[in-house]
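Right, one structure below, let's go through it.
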Amino acid sequence: MPHTPDAATEIQRLIAIMAALRDKQTGCPWDIEQDFASIAPYTIEEAHEVADAIARQAWDELPGELGDLLLQVVFHAQMAAEAGMFDFTDVARAISDKLVARHPHVFGDESRDKSAAQQVRDWEAIKAQERAARAERGVLEGVALGLPALTRAVKLQNRAARVGFDWPGPAQVLDKLAEETAELVQAQAGADPAHLAEEFGDLLFVMANLARHLDIDPEEALRAANAKFTRRFQSIESALAAQGRRPEDSTLDEMDALWNAAKAAEKA
Numbered sequence: 028m029p030h031t032p033d034a035a036t037e038i039q040r041l042i043a044i045m046a047a048l049r050d051k052q053t054g055c056p057w058d059i060e061q062d063f064a065s066i067a068p069y070t071i072e073e074a075h076e077v078a079d080a081i082a083r084q085a086w087d088e089l090p091g092e093l094g095d096l097l098l099q100v101v102f103h104a105q106m107a108a109e110a111g112m113f114d115f116t117d118v119a120r121a122i123s124d125k126l127v128a129r130h131p132h133v134f135g136d137e138s139r140d141k142s143a144a145q146q147v148r149d150w151e152a153i154k155a156q157e158r159a160a161r162a163e164r165g166v167l168e169g170v171a172l173g174l175p176a177l178t179r180a181v182k183l184q185n186r187a188a189r190v191g192f193d194w195p196g197p198a199q200v201l202d203k204l205a206e207e208t209a210e211l212v213q214a215q216a217g218a219d220p221a222h223l224a225e226e227f228g229d230l231l232f233v234m235a236n237l238a239r240h241l242d243i244d245p246e247e248a249l250r251a252a253n254a255k256f257t258r259r260f261q262s263i264e265s266a267l268a269a270q271g272r273r274p275e276d277s278t279l280d281e282m283d284a285l286w287n288a289a290k291a292a293e294k295a
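Next up, the structure:
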């Protein structure tokens with residue numbers, strides 16, 4: 028299969044490769060055994076790896092990661108084609124039609140002279156019309172179950188806020204946060220693990236709402252916190268290694284002092 032810079036040809040080549048991998052007689056046993064449910068976790072994983080490459084600004088890795096994500100789309104489309112449901116052409120047509128319909132100020136006769144905020148409102152209005160056409164009656168219908176939990180929480184809260192079910196501002200959310208924290212402390216004193224987990228979930232849900240009111244992406248904020256923790260703990264490991272020791276050979280006080288040193292160095 029010769030290389031060609033033509034995008035359409037390469038997509039057709041990829042589709043053909045995927046079909047060959049799924050061939051019941053001559054394909055790959057692993058690929059043949061897969062179904063939508065077994066591939067879905069890989070689809071999520073590949074999307075996160077794309078986000079990771081972007082966060083690290085690893086631009087040389089990004090084409091490969093995007094290719095891995097594209098493979099997931101082709102894989103699902105191939106399985107659907109085998110079942111007589113739809114194929115890759117239907118997938119491409121669906122997103123093209125959606126983009127045209129959702130951008131009347133580019134592909135239609137609406138004016139482009141509007142703010143980004145107005146465009147977002149128009150986009151949401153069009154999506155609401157699409158949900159109505161699909162007979163989605165409930166305000167919260169259509170928010171994907173497979174989203175990361177924090178992201179889904181924000182989307183659910185945004186949907187509810189559109190119909191007026193929302194706190195006026197961050198101050199009221201902070202009051203609710205204090206209330207939920209007190210309930211978690213009270214649950215901790217009990218002997219019911221399920222109730223404790225429920226109260227912890229309530230607290231996380233309010234934290235997501237606080238992020239929304241502060242215009243913060245909670246997933247992005249937590250990723251940054253994870254990166255900061257990793258960076259500072261690695262500083263502890265490096266400092267101890269210079270002494271010929273490992274974290275398990277040191278005390279909590281020693282590691283805490285090294286943590287504070289790493290924190291001070293970052294701030295400086």
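First residue of the sequence shown? That's 28 in our numbering, and the numbers climb one at a time after it.
Think of the CB as a built atom: it goes at the ideal place given N, C-alpha and C, for glycine as much as any other residue.
**OP:** Classify Gln261 as buried or exposed, calling it buried when 16 or more other Cβ atoms lie within 10 Å of its own Cβ.
**Re:** As a position in the sequence shown, residue 261 is number 234, starting the count at 1. Answer is exposed; the Cβ neighbour count stays below 16.
Original post:
Hey, would you say the C-beta of Pro220 is under 7 Å away from at least one heavy atom of the ligand FMN?
Top reply: With respect to small molecules bound, the structure shown includes none, and the ligand FMN cannot be examined in it.
Original post:
Is the region 197-215 close to the region 230-238, with three or more CB pairs under 8 Å?
Top reply: yes
Subject >> Candidates Ala268, Gln270, Ile263 and Ser277, of which the one nearest Asn287 by Cα >> reply: Within the sequence shown, the letter at position 260 stands for residue 287. When only C-alpha atoms are compared, the closest one is Ile263.
Original post:
Of the choices Glu246, Arg40, Ala284 and Leu279, whose alpha-carbon is the least far from that of Ala78?
Top reply: Position 51 of the sequence shown, counted from the start, is the residue given in the question as residue 78. The candidate whose alpha carbon is nearest that of Ala78 is Glu246.
Original post:
Just the Cα atoms here: how many angstroms apart are Val127 and Arg158?
Top reply: One-based indexing of the sequence shown puts residue 127 at position 100. One-based indexing of the sequence shown puts residue 158 at position 131. Looking at the two C-alpha atoms, the distance is approximately 17 Å.
**OP:** Go through its chain and collect everything with a Cβ distance to Glu168's Cβ below 6 Å, but skip five positions before and after it.
**Re:** Here residue 168 is taken as the residue at index 141 of the sequence shown, counted from 1. There are no such residues.
Subject >> As assigned by DSSP and simplified to three states, the class of Pro195 >> reply: The sequence position of residue 195 within the sequence shown is 168, counting from 1. Three-state DSSP puts Pro195 in coil, outside helix and strand.
**OP:** Quick one: using the 10 Å Cβ neighbour count with 16 as the cut-off for buried, is His75 buried or exposed?
**Re:** Walking along the sequence shown from the start, residue 75 turns up at place 48. Per the 10 Å Cβ criterion, exposed.
**OP:** Compute the Euclidean distance between the alpha carbons of Arg164 and Gly191, then round it to the nearest angstrom.
**Re:** Counting from 1 along the sequence shown, the entry for residue 164 is found at position 137. Counting from 1 along the sequence shown, the entry for residue 191 is found at position 164. C-alpha separation (whole angstroms): 17 Å.
Original post:
Excluding sequence positions up to five away, which residues of its chain have a Cβ less than 8 Å from the Cβ of Glu151?
Top reply: Along the sequence shown, one-based indexing puts residue 151 at 124. Closer than 8 Å at Cβ, skipping near neighbours: Arg189.
**OP:** Starting from the C-beta of Arg120, find all residues in its chain whose C-beta is less than 6 Å away, skip the five residues before and the five after it, and write them out in chain order.
**Re:** Locating residue 120 in the sequence shown gives position 93, counting from the first residue. Nothing listed; no residue qualifies.
Subject >> 7 Å CB neighbourhood of Met282 in its chain, flanking five on each side removed >> reply: Along the sequence shown, one-based indexing puts residue 282 at 255. Answer for Met282: Ile263 and Pro274, listed in chain order.
Original post:
In whole angstroms, what separates the C-alpha of Arg259 from that of Leu97?
Top reply: Reading the sequence shown from its first residue, position 232 is the one you call residue 259. Reading the sequence shown from its first residue, position 70 is the one you call residue 97. When rounded, the distance between both Cα atoms is 35 Å.
Original post:
Does any residue of chain C bring its CB to less than 8 Å from the CB of Pro90?
Top reply: Of the protein chains in this structure there is only one, and it is not chain C.
Subject >> Delimiting residues of the alpha helix (DSSP H) encompassing Asp117 >> reply: On the sequence shown, residue 117 is found 90 positions in, with the first residue counted as 1. Where Asp117 is concerned, the enclosing alpha helix (DSSP H) stretches over Phe115 to Arg129.
Original post:
What first and last residue would you give for the alpha helix (DSSP H) that runs through Ile42?
Top reply: Walking along the sequence shown from the start, residue 42 turns up at place 15. Ala34 to Leu48 is the span of the alpha helix (DSSP H), which, as asked, contains Ile42.
Subject >> 8 Å Cβ cutoff met for Glu60 and Asp95 >> reply: Your numbering for residue 60 matches position 33 in the sequence shown. Your numbering for residue 95 matches position 68 in the sequence shown. No.
Original post:
Would DSSP call Met28 helix, strand or coil?
Top reply: Counted from its first residue, the sequence shown places residue 28 at position 1. Because Met28 sits at a pLDDT of 48, beneath the cut-off of 50, its placement in the model cannot be relied upon, and the following sentence gives the value as read from the coordinates. DSSP places Met28 in coil when its eight states are reduced to three.
Subject >> alpha helix (DSSP H) runs contained entirely in the region 196-224, provided each spans 4 or more residues >> reply: 197-215
**OP:** Kindly give me the distance between the Cβ atoms of Val118 and Ala108, rounded to whole angstroms, as I take these residues to be in contact under 8 Å.
**Re:** By one-based count along the sequence shown, residue 118 stands at place 91. By one-based count along the sequence shown, residue 108 stands at place 81. Val118 to Ala108, Cβ: 10 Å. No contact.
Original post:
What's the call for Leu177, buried or exposed, on a 16-neighbour Cβ count within 10 Å?
Top reply: Against the sequence shown, residue 177 aligns to sequence position 150. When all chains shown are included, Leu177 counts as buried.
Subject >> Own chain partners of Leu89 with C-beta closer than 6 Å, once the 5 adjacent residues on each side are dropped >> reply: Numbered from its first residue, the sequence shown carries residue 89 at position 62. So the list reads Ala80, once near-sequence residues are dropped.
**OP:** Specify the secondary structure class of Ser65 as computed by DSSP and reduced to three states.
**Re:** Within the sequence shown, the letter at position 38 stands for residue 65. The answer is helix: DSSP assigns Ser65 an H, G or I state.
**OP:** Give the straight-line distance between the Cα atoms of Ala216 and Phe232, rounded to the nearest whole angstrom.
**Re:** Working through the sequence shown from its first residue, we reach residue 216 at position 189. Working through the sequence shown from its first residue, we reach residue 232 at position 205. Looking at the two C-alpha atoms, the distance is approximately 21 Å.
Original post:
Excluding the five sequence neighbours on either side, which residues of its own chain have a C-beta within less than 7 Å of the C-beta of Phe297, listed in chain order?
Top reply: This structure leaves residue 297 out entirely; the chain is present only between 28 and 295.
Original post:
Which residues in the same chain have their Cβ closer than 7 Å to the Cβ of Leu48, if we skip the five residues on either side of it in sequence?
Top reply: Walking along the sequence shown from the start, residue 48 turns up at place 21. If we look at Leu48 and ignore the five residues flanking it on each side, its Cβ neighbours are Gly54, Cys55 and Asp58.
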